[in-house]
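The sequence shown begins at 1 in full-length UniProt numbering and counts up one residue at a time.
Okay, structure first, notes after.
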Amino acid sequence: MTKQPERKALTPMSLRKKVNLTQRQVAQALDIQTQTVGGWEKGGIPHLPPSKIKKLCEVYQCSLDDLIEAFEAEQPVSAG
């Protein structure tokens, strides 16, 4: 059985850093507050209209699947 190469877990921060952008640059591209981007990187969920989600994929140069994976990875685990 061949072993699949390990894929590094995606996070909102890793997507941003992969394209060498600051939180401010991402915020400007989406016309949102810089603190909002920082909040996403601390586990917050984007509450964006579909057009801005599409733009976020373009800014991060990633697929929608990658974006979803990154934000799901940042979710705190429920104790219940």
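Ideal Cβ placement from N, Cα and C applies to all residues, glycine included.
Between the beta-carbon of L30 and that of L56 there is about 6 Å, and that keeps the pair under the 8 Å contact cut. Within the UniProt domain "HTH cro/C1-type" (15–67), there are no complete beta strand (DSSP E) runs of at least 3 residues.
Here T22 is not near A70, since their CB atoms are 8 Å or more apart.
Its chain contains P46, L64, L67 as the residues whose beta carbon lies nearer than 8 Å to that of I53, once the 5 sequence neighbours on both sides are disregarded; these appear in chain order.
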